[in-house]
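Residue numbers (the numbering used here), protein chains in the order written: chain E, 1 to 127; chain B, 128 to 402. Backbone N, C-alpha and C define an ideal beta-carbon position, used for all residues, glycine too. As the structure is a computational prediction, the values presented were derived from the model and not from experiment.
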Amino acid sequence: MLRDDLDLDKEYSLSANHDDEHGGALRKKIWKVTAILTAITIVEVVTGGSIKQYYDGVPNESWWMIKWGFIVLTLIKAGYIVLSFMHLGDERKNFRYMVLGPYMLFIAYLIFNLLAEASYWGEIIHE
Amino acid sequence: MAGHSEKVDSATLWGGNGSPFRLSYGKQWMWFFLVSDALTFGGLLCTYGYFRHQYGDWPIGEEVFNAMPFLGNGFPLLYVALMTFILIVSSVTMVLAVEAGHRLDKKGVIKWLTLTVIGGAFFVASQGWEWYHFIHGSHYGVILTPELMNDGWATIREVVGGGFSLDYGHGQMITDPVIVSQYMAEPLGAIQGANMLENEYAPMTPQFGNLFFFITGFHGFHVLSGVVINLLVLMNVRKGVYDDRGHFEMVEKVGLYWHFVDLVWVFVFTFFYLV
């Protein structure tokens with residue numbers, strides 16, 4: 001607990017207490033982000049429920065667009081949660097990059113590797 | 128949550144005697160823990176992508192998850208959408224608890240944190256119901272047949288007014304009662320529900336069931352532990368532990384964990400249910 005209270009200057013996260021006025025502005029932002037996240041979820045569910053991947057067994061040829069739409073919407077939601085709700089966007093820039101940089105790099109690498117490998121084995125299985 | 132400006136020069140920042148990120152020790156390590164946990168979930172979801180990509184033919188979320196409590200089947204994605212919404216709302220109440228903590232508003236923290244715990248508990252319970260339904264399966268399950276398309280299996284569906292029809296691939300139906308009863312009289316096998324060895328949603332790829340159980344189970348366990356940790360912090364708030372300390376940063380730290388759980392669910396929701 002001693003180190004937690006090592007409070008150097010006003011920039012320290014432990015000195016982040018704020019007054020009512022500042023709080024009001026923050027709450028406004030929180031409700032705005034809530035509205036955006038809710039709207040995205042509603043759009044996703046309505047789209048998912050109304051546009052099908054198959055109609056009576058016939059594949060829907062334009063499904064790939066919906067799929068990528070879902071993935072983009074998911075990334076937008078994730079961005080709002082991380083940057084706004086977890087307020088990583090308000091942390092110092094060096095910390096932001098340290099958390100996001102290595103993670104994104106590794107995951108992009110993993111996705112590429114696994115999907116390339118899966119395609120290869122998929123071709124062999126379906127031959 | 129205060130907007131950190133760049134006023135501190137880098138010589139002071141990196142000169143020792145404190146965090147160069149101007150973060151408290153606990154908060155910084157909560158972030159490091161979350162990065163490692165995110166790598167675990169990232170690995171699991173990429174494994175899911177691996178199998179799905181490899182097999183090509185994969186169950187469709189809205190066909191598998193279309194039940195509502197008390198109302199039966201025929202409501203694609205509706206209940207899981209409700210669960211998702213509840214989890215997002217509980218994330219919002221958590222941010223509001225953190226915000227109240229920054230104003231040293233103990234009553235506000237208690238109110239919002241209590242709502243967060245309730246939302247989390249609702250989500251865990253829903254997850255339990257979802258699992259029960261997934262394991263139990265549809266009313267009649269599937270039969271394995273040698274001749275039908277779709278790798279040789281068909282879902283049995285009840286016809287309004289009596290009798291059955293067979294769905295051998297996303298709505299391709301066999302409705303002729305003579306043929307249906309022929310197939311149903313001598314199936315090669317039958318599967319109802321799901322376990323680790325086989326499942327009726329993807330009889331040819333048991334990995335679907337395994338991944339569902341592992342990933343949603345691992346996530347559900349995170350939610351459960353999040354609810355417990357939130358409860359413990361709530362008790363501390365009520366006891367006045369953080370008033371004595373002068374700041375409510377502990378609420379912020381458990382808040383980070385709670386938002387992370389929500390974040391993971393956003394991805395699970397997309398890849399298991401939507402696409």
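Distance, residue j Cα to residue i Cα
| i | j | result |
| --- | --- | --- |
| B/Q181 | B/P333 | 13 Å |
| B/F148 | B/W385 | 22 Å |
| E/A78 | B/G288 | 47 Å |
| B/H374 | B/T211 | 31 Å |
| E/A116 | B/G176 | 11 Å |
| B/Y259 | E/V58 | 31 Å |
| E/A118 | B/T174 | 10 Å |
| B/G183 | B/A165 | 26 Å |
| E/L114 | B/F339 | 19 Å |
| B/I356 | B/A281 | 45 Å |
| B/F387 | B/H349 | 10 Å |
| B/F345 | B/V251 | 12 Å |
| E/G101 | E/T74 | 19 Å |
| B/R230 | B/Y369 | 12 Å |
| B/W392 | B/A312 | 43 Å |
| E/Y120 | E/I76 | 31 Å |
| E/I30 | B/L324 | 45 Å |
| B/G130 | B/I318 | In this prediction, B/G130 has a pLDDT of 48, which is less than 50 and means its spatial position is unreliable; what the coordinates show is noted afterwards. Cα to Cα, the separation comes out at about 57 Å. |
| E/M1 | B/L198 | Annotation note: pLDDT 44 at E/M1 (below 50); position unreliable, coordinate value reported separately. Approximately 52 Å between the Cα atoms of the pair. |
| E/D5 | B/E376 | Residue confidence is low: E/D5 scores 48 on pLDDT, short of 50, so the model does not pin down where it sits. Its coordinate-derived value is still stated next. Approximately 11 Å, taken between the alpha carbons. |
| E/H22 | E/K28 | 10 Å |
| B/V305 | B/D294 | 15 Å |
| B/F168 | B/P203 | 26 Å |
| B/K366 | B/D389 | 28 Å |
| B/L150 | B/S352 | 25 Å |
| E/V72 | B/G143 | 41 Å |
| B/G188 | B/R372 | 48 Å |
Top-ranked residue by Cα proximity to residue i, from the options
| i | options | result |
| --- | --- | --- |
| B/G320 | B/R230, B/V395, B/N193 and B/S265 | B/S265 |
| B/G145 | E/S13, E/D20, E/E21 and E/H18 | E/S13 |
| B/G298 | E/K28, E/D20, E/Y55 and E/I51 | E/Y55 |
| B/G296 | B/N363, B/S308 and B/I270 | B/I270 |
| B/F249 | B/V216, B/S151 and B/Y400 | B/V216 |
| E/A25 | B/V391, B/L223 and B/I262 | B/L223 |
| B/F399 | B/L171, B/F159 and B/E376 | B/L171 |
| E/Y103 | B/E327, B/A329 and B/F160 | B/F160 |
| E/G140 | B/W185, B/V305, B/L205 and B/L240 | No information on residue 140 of chain E is available, as it lies outside the stretch 1 to 127 that chain E covers here. |
| E/N17 | B/V402, B/F394, B/L390 and B/V378 | B/V378 |
| B/V402 | E/H87, E/W68, E/I81 and E/F85 | E/W68 |
| B/G153 | B/D389, B/F396 and B/K380 | B/K380 |
| B/G247 | B/V225, B/R372, B/E257 and B/L358 | B/L358 |
| B/Q309 | B/R372, B/N326 and B/G290 | B/G290 |
| B/G268 | B/P196, B/N326, B/N200 and B/V225 | B/N326 |
| E/T38 | B/L150, B/R179, B/S218 and B/V135 | B/S218 |
| B/W158 | E/F106, E/F95 and E/I36 | E/F95 |
Cβ shell of residue i (< 7 Å), same chain only, five flanking positions each side left out
| i | result |
| --- | --- |
| E/W63 | Q53 |
| B/G141 | Contrary to the premise, residue 141 of chain B reads as Trp rather than Gly in this sequence. Closer than 7 Å at the Cβ level, and outside the excluded window around B/W141, lie P147. |
| B/S137 | none |
| B/S292 | R284, V286, M300, I301, T302 and V307 |
| B/K233 | V364 and D370 |
| B/G227 | Inspection of the sequence shows that residue 227 of chain B is occupied by Ala rather than by Gly. Cβ within range, chain order: G235, V236 and W239. |
| B/P314 | I270, L271 and T272 |
| B/F394 | L172 |
| B/M195 | F202, L205 and Y206 |
Same chain, Cβ closer than 6 Å to residue i, five either side skipped, listed in chain order
| i | result |
| --- | --- |
| E/G89 | L83 |
| B/M221 | T243, G382 and W385 |
Neighbouring residues, chain C, relative to residue i (Cβ below 7 Å)
| i | result |
| --- | --- |
| B/V162 | No chain C is part of this structure, whose protein chains are labelled E and B. |
For residue i, the residue or residues it bridges with in DSSP
| i | result |
| --- | --- |
| E/P59 | E/Y54 |
| B/R284 | B/S292 |
| B/L271 | B/W280 and B/G316 |
| B/I301 | B/L293 |
| B/A194 | B/N200 |
| B/N326 | B/A321 |
Contacts around residue i, its chain only, beta-carbon distance under 8 Å, and the 5 residues preceding and following it disregarded
| i | result |
| --- | --- |
| E/F70 | E44, T47 and G48 |
| B/Q155 | S146 and F148 |
| B/V191 | F261 and Y328 |
| B/E257 | F192, Y206, V207, M210 and T343 |
| B/T397 | none |
| E/V33 | Y80, S84 and F85 |
| B/I213 | G246, F249, F250 and S253 |
| B/F341 | L171 |
Next item on the list: Compile a chain-ordered list of the residues in the region 382–396 of chain B whose CB is closer than 7 Å to at least one CB of chain E.
Entry: Cβ contacts with chain E come from L383, H386, D389, L390, V393 and F394.
Check: If contact means a Cβ-Cβ distance below 7 Å, which residues of the region 264–296 of chain B contact chain E?
Finding: Under the 7 Å Cβ criterion, the region 264–296 of chain B contributes G296.
Check: Using Cβ-Cβ distances below 7 Å, what residues of the region 205–218 of chain B are close to chain E?
Finding: Taking 7 Å as the Cβ-Cβ cut-off against chain E, the residues of the region 205–218 of chain B that qualify are A208, T211, F212, I215 and S218.
Margin query: To be precise: take each residue of the region 243–261 of chain B, compare its Cβ to all Cβ atoms of chain E, and keep it if any distance is under 8 Å. Which residues remain?
Written below: none
Check: In the region 111–127 of chain E, which residues sit with their C-beta less than 8 Å from some C-beta in chain B, listed in chain order?
Finding: I111, L114, L115, E117, A118, S119, W121, G122, I125 and H126
Checklist line | Chain-ordered residues of the region 174–186 of chain B with a beta carbon less than 9 Å from chain E | finding: T174, G176, Y177, F178, R179, H180, Q181, Y182 and G183
Note to self: For the region 139–155 of chain B, list every residue whose C-beta sits within 9 Å of some C-beta in chain E, in sequence order.
What the structure shows: T139, L140, N144, G145, S146, P147, F148, R149, L150, S151, Y152, G153, K154 and Q155
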